[in-house]
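Heads up: the sequence shown runs through residues 22 to 669, numbered per our numbering.
Virtual Cβ for every residue (Gly too), placed ideally from N, Cα, C.
Quick caveat: nothing in here was measured; it's all calculated off a predicted structure.
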Amino acid sequence: MPSSLRDGAPTPLPAGSPPPLPAGDRVGQLTVPLQYRSAPPQYRLAPAEYRSPAPEYRSPAPGGRPGAPAGQPAVRVRAVAAMSRRQRRQYLLIVTAWLAAVIFFWQWWLRPGNIGSLPLFVLMSFSFCYVGTFLASMYLVFVKNMRRPVPIPVRRAERAAPIGRVAVISLTVPGSESLEIVRRQLVSMSRISYPHDSWILVDKVSSPEIEELARSVGVRYFSRHDEARWGTSGVAAWNRRFPPFQRRTKAGNVNSWLDAHGHRYTHFTQLDIDHIPNPDYLDRVLGYFADPKVKWVQAPSVYGNFEHWTARGAAEQELGLQGPLQMGFYGFSRTPFIIGSHCTYDTAAIQEIGGFQPTRAEDHLDTVCLAARGYQGVFVPDVIAVGDGPETFETYLSQQFAWAYSMIEVLLRHTPRLLRRYRPRQAVQFLFAQTWYTLWCLSMLALFALPLAALCLNTRIARIHYLDFVGHSLPLSAVAAGIWLWSRPWHVPSGMRLTWRGMVLHAARWVVVLSALVQVVLRVKKPYMITKKGVGDDAGALSLRLVVPYVALVLLPLVTCWFHLLSYDSGPAAGYLLFALQDALVFLLVVAFVLAQEIRLAPGDETPLARRLRRQRRPLLTTGVLAVATAVTAAACAQPLWAAVTAV
22 MPSSLRDGAP TPLPAGSPPP LPAGDRVGQL TVPLQYRSAP PQYRLAPAEY RSPAPEYRSP
82 APGGRPGAPA GQPAVRVRAV AAMSRRQRRQ YLLIVTAWLA AVIFFWQWWL RPGNIGSLPL
142 FVLMSFSFCY VGTFLASMYL VFVKNMRRPV PIPVRRAERA APIGRVAVIS LTVPGSESLE
202 IVRRQLVSMS RISYPHDSWI LVDKVSSPEI EELARSVGVR YFSRHDEARW GTSGVAAWNR
262 RFPPFQRRTK AGNVNSWLDA HGHRYTHFTQ LDIDHIPNPD YLDRVLGYFA DPKVKWVQAP
322 SVYGNFEHWT ARGAAEQELG LQGPLQMGFY GFSRTPFIIG SHCTYDTAAI QEIGGFQPTR
382 AEDHLDTVCL AARGYQGVFV PDVIAVGDGP ETFETYLSQQ FAWAYSMIEV LLRHTPRLLR
442 RYRPRQAVQF LFAQTWYTLW CLSMLALFAL PLAALCLNTR IARIHYLDFV GHSLPLSAVA
502 AGIWLWSRPW HVPSGMRLTW RGMVLHAARW VVVLSALVQV VLRVKKPYMI TKKGVGDDAG
562 ALSLRLVVPY VALVLLPLVT CWFHLLSYDS GPAAGYLLFA LQDALVFLLV VAFVLAQEIR
622 LAPGDETPLA RRLRRQRRPL LTTGVLAVAT AVTAAACAQP LWAAVTAV
């Protein structure tokens, strides 16, 4: 942009021309990701339009790295073990118990005499191995590698590293967040104690109301839709169909700001509009950039709106990720995952990879691309910002779908191109994380469907007695639970326990993850999803559309039970009636718990209970019918099931 435009003057650009580049030294550029260089010609940007000015402070000092005094050795971030000596001894005991439980189960399960139907047995073995053994084993690997960074005072980083001007940015889309939430974030950014410039980035439309609100609290305003400031052609250049300035995306919004103002800043922090930073936020993260290899600093992403059961449940699901796993990723490969709710970046490094990456999981793809260039991150295991989790069940499912869709897309579309550029430990870590959605949902599908297939075919998956299975698998489950409980001191936020909320959401999400996998494989394009905050609709009945998949997952096992009962008087597969009924009961409880929360926590406590029940009468009727059907089916299965379970 012309310097006059960068300073905010409303000088329009000539119609039909791309925004020109500013004069002066241009060492870096905002490049287009490789996968988008094959875009149709009409959607490609001219090379000049990709460029973003390199920071002026990057000129190397004689005899040293960029910005460092001559002859001064590079600073390195030191990391210390998170476990004490006593905890390391406990860890060795837990690993020993885990290995014993794993060997005890699998040497028994894999005996040739236990194989029933070979295809079903193989599928069951792989699925149970992934869910019941592999995930806990990898958790132990990363727990062993947990590290904490030794703090570096920010003043030392100012002397030793090119830390100059710093920006804090937050993004909003008018109509997707209430003005109160926007105002709260503007005030919070302005209260960060370290000297910085606060920016609000407004997408979709330019908002004079938000601009005035920002001005009133000393926050700078940017909108790539502001024709009065950037001109028609400038707005068009920043709202393209393809990256880096893709319209209606978070990445396109941030990249437009980087193109307009990134040259002013050495580092910037990006905050989601609902994640409120502590006043000492920058003081806690900037010091680590004294190490020239460090290009991002991440802290835990936690929620605080626990009055919403879905937010509390989502937080419970991430207890391990935001603490032990992120600390383990940092110690294992110096590559903690960027989580886009809030993170601090080296501006030049982000420009080098082409800006924020073009997916819904742009944060993870940013990590992938930065790591592929040999850069490192730091994970600070302290809560320095608190945000809002999903306020409704529908929002939770939408978020899970979007994250799963994007992570699977990264795995299938981007990782194959970049995998050879990782260090071995990075490759292990990335493949473990990126395959989780795919392998977990497929494993859960297999564990759900295989007993039903056995009932339909009247064949046995494994020639084992039910009580033998319980006896051999119980130690595995008990030690896995013990691992989770033992690692609680490192869970973030501390003091939170896993409750029925997290379990219900865990059971509910594999369905939407499976849907995301299918749609990625079929190349179904999905629009960028924006999570609305503070602008929820009025209270209403729980949408049957949301619970239809779970109703189907209750009915399918029940129908399978009746098919088996009516088709076979008796047979080797009768014992699988228990697993089919268990499948039906799990998803019946999901529907019932979700409905109960919709009734109990309906907005407006003054609403009479009778009215809330009337509002939910259709979901209540559906749940009641399912409960009766499950009870009747269980009664019909009782005799053959008892005979199968008690047979010697």
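{"Item": "Classification of G334 by the beta-carbon crowding that lies within 10 angstroms, buried from 16 upward", "Value": "buried"}
{"Item": "Host alpha helix (DSSP H) of L478 (start-end)", "Value": "457 to 478"}
{"Item": "Buried versus exposed call for E383 [16 or more other C-beta atoms within 10 Å across all chains shown]", "Value": "buried"}
{"Item": "Residues sharing a beta bridge with Y324, DSSP", "Value": "G408"}
{"Item": "Spatial distance of T52 from P629 (CA atoms)", "Value": "Reliability fails at T52, whose pLDDT of 42 lies under 50, so the model's placement of it is uncertain and no value is given."}
{"Item": "Inter-residue spacing [alpha-carbon to alpha-carbon] between V539 and A655", "Value": "33 angstroms"}
{"Item": "DSSP bridge partner residues for Q618 (one or two, in chain order)", "Value": "Bridge partners of Q618: none, in fact."}
{"Item": "Opposing strand residues paired with C364 [DSSP bridges]", "Value": "Q291, Q319"}
{"Item": "For V96, the three-state DSSP class (helix, strand or coil)", "Value": "coil"}
{"Item": "Alpha-carbon to alpha-carbon, R205 and E328", "Value": "19 angstroms"}
{"Item": "Inter-stretch contact at 8 angstroms, needing at least 3 Cβ pairs: the stretch 163 to 173 / the stretch 348 to 362", "Value": "yes"}
{"Item": "Stretch pair the stretch 372 to 387 + the stretch 188 to 206: three plus CB contacts closer than 8 angstroms", "Value": "no"}
{"Item": "Cβ pair A594, L432 closer than 7 angstroms", "Value": "no"}
{"Item": "Boundaries (first-last residue) of the alpha helix (DSSP H) holding Y589", "Value": "Where Y589 is concerned, there is no enclosing alpha helix (DSSP H), given that its DSSP letter is neither H nor E."}
{"Item": "Among P174, Q128, V123, the one whose alpha carbon lies nearest that of V152", "Value": "V123"}
{"Item": "Counted within 10 angstroms of its Cβ, other Cβ atoms place K546 as buried (16 or more) or exposed", "Value": "exposed"}
{"Item": "Run of the beta strand (DSSP E) containing L418, from where it starts to where it stops", "Value": "It is not in any beta strand (DSSP E) - L418 instead sits in the alpha helix (DSSP H) that spans 414 to 430."}
{"Item": "Beta-carbon contacts of Q421 that lie in its chain and below 7 angstroms, excluding the five residues immediately before and after", "Value": "R530, V533, V534"}
{"Item": "Residue burial classification, Q660 (beta-carbon count within 10 angstroms, cutoff 16)", "Value": "exposed"}
{"Item": "Residue interval of the alpha helix (DSSP H) (run including Y487)", "Value": "487 to 507"}
{"Item": "For A392 and A178, believed in contact at Cβ under 8 angstroms, the rounded distance", "Value": "Between A392 and A178 the Cβ distance is about 22 angstroms, and since that is not below 8 angstroms, they are no contact."}
{"Item": "Cut-off 7 angstroms between Cβ atoms - residues of its own chain near H527, not counting five sequence neighbours on either side", "Value": "Q338"}
{"Item": "Assigned secondary structure, V398 (DSSP; H/G/I helix, E/B strand, else coil)", "Value": "The residue you asked about is not Val; residue 398 is Gly in the sequence shown. Three-state DSSP puts G398 in a strand."}
{"Item": "Residue range of the alpha helix (DSSP H) that includes S254", "Value": "248 to 258"}
{"Item": "Start and end residues, alpha helix (DSSP H) containing R231", "Value": "Here the sequence assigns Ile to residue 231, which means Arg is not the residue at that position. From DSSP, the alpha helix (DSSP H) with I231 extends over 229 to 237."}
{"Item": "Stretch pair the stretch 366 to 373 + the stretch 283 to 292: three plus CB contacts closer than 8 angstroms", "Value": "yes"}
{"Item": "C-alpha distance - L55 paired with L452, whole-angstrom precision", "Value": "Any reading at L55 is ruled out, since the residue's pLDDT is 37, under 50, leaving its predicted position unreliable."}
{"Item": "Presumed contact (8 angstroms Cβ cut-off) between C364 and W317, rounded CB distance", "Value": "6 angstroms"}
{"Item": "Proximity winner among I504, V226, I190, relative to D218 (alpha-carbon distances)", "Value": "I190"}
{"Item": "C-beta atoms of W220 and R250 nearer than 7 angstroms", "Value": "no"}
{"Item": "Where R107 falls, given that 16 or more other Cβ within 10 Å makes a residue buried", "Value": "exposed"}
{"Item": "Buried or exposed by the 16-neighbour rule on C-beta atoms within 10 Å, applied to G92", "Value": "Here the model assigns G92 a pLDDT of 48, short of 50, so the residue's position is not dependable and the matter cannot be decided."}
{"Item": "Other residues of its chain near M145: CB distance less than 8 angstroms, five sequence neighbours each side excluded", "Value": "A467, L468, L471, I482, A483"}
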